[in-house]
Amino acid sequence: MLLLLTSFTAFLSGAPIALATGPIVNTNNGTVVGLELPEFNQHAFLGIPYAQPPVGDLRLRRPRPFNQTLDNFNAIGYSPLCWNVPTTGASDGAGIPQDEDCLTINIVRPADASPENQLPVMFWIHGGGWVAGGSGVDWYNGTYLVQASTNYSNPVVYVSINYRLSQLGFLAGQELADEGNLNLGLYDQRLALHWVQENIAAFGGDPTKVTIFGESAGGFAVGTHFSAFGGRDDNLFHAGISQSGTASNFNLPTEERFQNSYNQLVANSSCSEFTTAETQLDCLRHIPVDEFRFAVSSWATGTVVDGDMIPLSVANAMDVYNNGRYVKRPLITGTTTDEGSRSARTEEEVIGQLQGMGFNDTQVERMLELYPSDPRLGVPYNTGMYMPNGTPYGKQAASIAGDTSYIALRRWVAEELVKAEVPVWTYRFNQNPAFINNPNGGAPHFSEIFYLFGNPNCPLQLGRCLGPLAYDHALSDLLQSMWISFAVHLDPNQNNYAGAPTWPAYAEGAENMRFQGGGSSAEKDDYRKEGIQLLLDNYFPNQGARV
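Here my numbering = 1-based position in the sequence shown + 1276.
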């Protein structure tokens, strides 16, 4: 959460902070005062509200633009995170405050950025499965990314946001559907993008050159904004980067999928005393937030068809691209090598998982052939006979899960974009992060984050940072330079990184950039070709709500 400044120590501890005397910017709502970061030659503006606080009667409603006047707003500390899954106190377990009043935006810019010297913008959407995370955690500190952008003569402005999470952001049920109040966290993101269009020029950002990028749920969010409102182009961004989250909606259900969670929330709270759907929903908006949070019995949640941002026509991943219902913008999309996390201890469990996916007996048999129980061929890959749970079936199940949840659709989307003549680059991140401290840990989901942001100091998050090894820092430099180059030039190869390998566009031969310590290079994107094709032919067409 820190920008490595003592001012933030005071913020975290709750100590009073004197009004900053740093850079002043005039937004549509008034003036904000930021921080000077002299050791980085940067300015930071943190915790600026972009929406009205979603509390009281505005709880469980779409966000509304911030409507108060700011008079030298003290933008020198992150706001609390939006509420994550229930914890015992008012923090995320690592000491970072959480609150319902959390819809804020952060900006880090080179000190020479100005309305007369506008720079491309990188707009970060954090992941966390729609239930966790926030813009103020250490590993999303944009200081080092902005520093890299100036080092490689491709300066950018970095923007990050909070959006509502868990049941405060993604509660679903017929009662909310009738009001048009589903997918609230996505509407938060959308409002923040509009805020950027209206205000970022005052900070020295170019509103016509906004690249949205995100990982996991944030990566899926990138895809959602590409296909939002059936592919309507609101000119909110000029490119996207989807990390470990398919650049399309992922087979979305309707609100009926989560109706039981809504019903249980009502039943577990004092709102059960009311007898009509309208009065129960009104009650949920006004009970104390702690009562709301701890009345939740299931944190199963996510995006659903809402008939507006996500119409039925884009609820299935394949419908989005088969029918061209997306904004045609350049894209980077990729995954880590070892995305899968599912486990099994017996072959029967693996078979049961495949049957649960809708495969018939013949297809199950073929899947077991293409995804064998040989531990040398499962997740984490390239770890020989190592078996995390002591059986070969855990690696087998994880391999199937990784391709199902991330890798198969990543490949298919790239192929479809090539057909539509949309520029697209793909990658596979193949580095075992130092913080895992396990050479057999592979390159799991989330691994690339520490390299992308390059933060060597994470005092609050148990050392989950880049680490001290030279090859990790070299890989971080390469990854940063390519992401930045794409945001600036719509091409990752104009990166000014000495000795950088060429990253071919997918149209040039269906190749990924394989990022790994000791040397990154292009590779054919044909691993597990038959198994992934079987998933694409027999699993994905039957998933999610369909027209």
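All C-beta atoms in this analysis are idealised placements derived from N, C-alpha and C, irrespective of residue type, glycine included.
Just mark residue i as buried or exposed, buried being the case when its beta carbon has 16 or more other beta carbons within 10 Å.
i, result
"Asp1454", "exposed"
"His1514", "buried"
"Met1789", "buried"
"Gly1775", "exposed"
"Glu1784", "exposed"
"Thr1778", "exposed"
"Phe1446", "buried"
"Asp1566", "exposed"
"Thr1265", "Because the chain in this structure spans residues 1277 to 1823, residue 1265 falls outside the shown range and cannot be described."
"Phe1570", "exposed"
"Ser1573", "exposed"
"Glu1549", "exposed"
"Glu1787", "buried"
"Lys1485", "buried"
"Gly1794", "exposed"
"Gln1394", "buried"
"Lys1800", "exposed"
"Asp1595", "buried"
Could you round the C-beta distance between residue i and residue j to whole angstroms and report it? I think they count as a contact, below 8 angstroms.
i, j, result
"Pro1744", "Thr1612", "Contact doesn't hold; Cβ gap of about 22 angstroms is too wide."
"Tyr1703", "Ile1608", "7 angstroms"
"Gly1610", "Tyr1657", "About 16 angstroms; that fails the 8 angstroms criterion."
"Tyr1782", "Trp1688", "About 12 angstroms; that fails the 8 angstroms criterion."
"Asp1464", "Pro1339", "5 angstroms"
"Thr1380", "Asn1459", "With 8 angstroms as the limit, Thr1380 and Asn1459 do not qualify as a contact, their Cβ atoms being about 20 angstroms apart."
"Cys1358", "Arg1466", "Cys1358 to Arg1466, Cβ: 16 angstroms. No contact."
"Thr1419", "Phe1316", "6 angstroms"
"Val1397", "Gly1481", "4 angstroms"
"Leu1311", "Gly1323", "At roughly 11 angstroms, the Cβ-Cβ gap does not stay under 8 angstroms, so Leu1311 and Gly1323 are not in contact."
Taking C-alpha atoms, which residue in the options lies nearest to residue i?
i, options, result
"Phe1479", "Ser1429, Ile1383, Arg1704 and Gly1371", "Ile1383"
"Ile1563", "Ser1574, Val1542 and Thr1552", "Val1542"
"Ile1586", "Met1633, Asn1475, Thr1530 and Gln1639", "Thr1530"
"Tyr1416", "Gly1310, Pro1483 and Pro1732", "Pro1732"
"Phe1349", "Glu1312, Leu1379, Val1486 and Val1301", "Val1301"
"Ala1696", "Phe1711, Gly1600 and Tyr1773", "Gly1600"
"Gln1819", "Trp1701, Ser1681, Ala1783 and Ala1351", "Ser1681"
"Pro1430", "Leu1766, Ile1517, Gly1310 and Tyr1803", "Before going further, note that residue 1430 is Asn rather than Pro in the sequence given. If we check each option's Cα against that of Asn1430, Leu1766 comes out closest."
"Ile1488", "Arg1338, Tyr1434, Asn1665 and Ala1477", "Tyr1434"
"Leu1755", "Phe1705, Pro1325 and Glu1691", "Phe1705"
"Pro1648", "Glu1806, Trp1471 and Trp1701", "Glu1806"
"Gln1629", "Glu1615, Ala1677 and Gly1323", "Ala1677"
"Asp1377", "Ala1389, Pro1391, Leu1395 and Pro1356", "Pro1356"
"Asn1771", "Ile1760, Ala1781 and Pro1780", "Ile1760"
"Leu1557", "Asp1595, Ser1492, Gln1473 and Gln1450", "Gln1450"
"Asn1814", "Lys1800, Trp1406 and Gly1634", "Gly1634"
"Asn1343", "Met1758, Ile1352, Pro1329 and Asn1360", "Pro1329"
"Phe1711", "Val1698, Asp1748 and Ala1690", "Asp1748"
"Asn1708", "Asp1679, Leu1751 and Glu1691", "Leu1751"
"Ala1493", "Val1422, Val1407 and Ala1504", "Val1407"
"Gly1306", "Leu1346, Gln1318 and Ser1617", "Leu1346"
"Asn1716", "Glu1392, Phe1568 and Pro1651", "Pro1651"
"Asp1275", "Pro1483, Lys1800 and Phe1729", "Absent from the model: residue 1275. The displayed extent of the chain is 1277 to 1823, so no value can be given."
"Gly1583", "Gly1499, Leu1452 and Lys1604", "Leu1452"
"Arg1829", "Cys1547, His1319 and Gln1443", "Absent from the structure is residue 1829, since the part of the chain shown begins at 1277 and ends at 1823."
In this structure, does DSSP put residue i in helix, strand or coil?
i, result
"Lys1800", "strand"
"Ser1390", "strand"
"Gln1556", "helix"
"Tyr1354", "coil"
"Ala1424", "helix"
"Phe1635", "coil"
"Leu1311", "strand"
"Arg1533", "helix"
"Ala1543", "helix"
"Gly1481", "strand"
"Val1384", "strand"
"Gly1404", "coil"
"His1749", "helix"
"Val1689", "helix"
"Pro1817", "helix"
"Gln1672", "helix"
"Pro1373", "strand"
"Ala1774", "coil"
"Ala1504", "helix"
"Asp1566", "helix"
Would you list the residues sitting across from residue i in a DSSP beta bridge?
i, result
"Ser1518", "Gly1490 and Thr1609"
"Gly1306", "Thr1303 and Leu1346"
"His1765", "Per DSSP, none; premise fails for His1765."
"Met1398", "Tyr1434 and Thr1487"
"Leu1322", "Ile1352"
"Thr1702", "Thr1609 and Asn1788"
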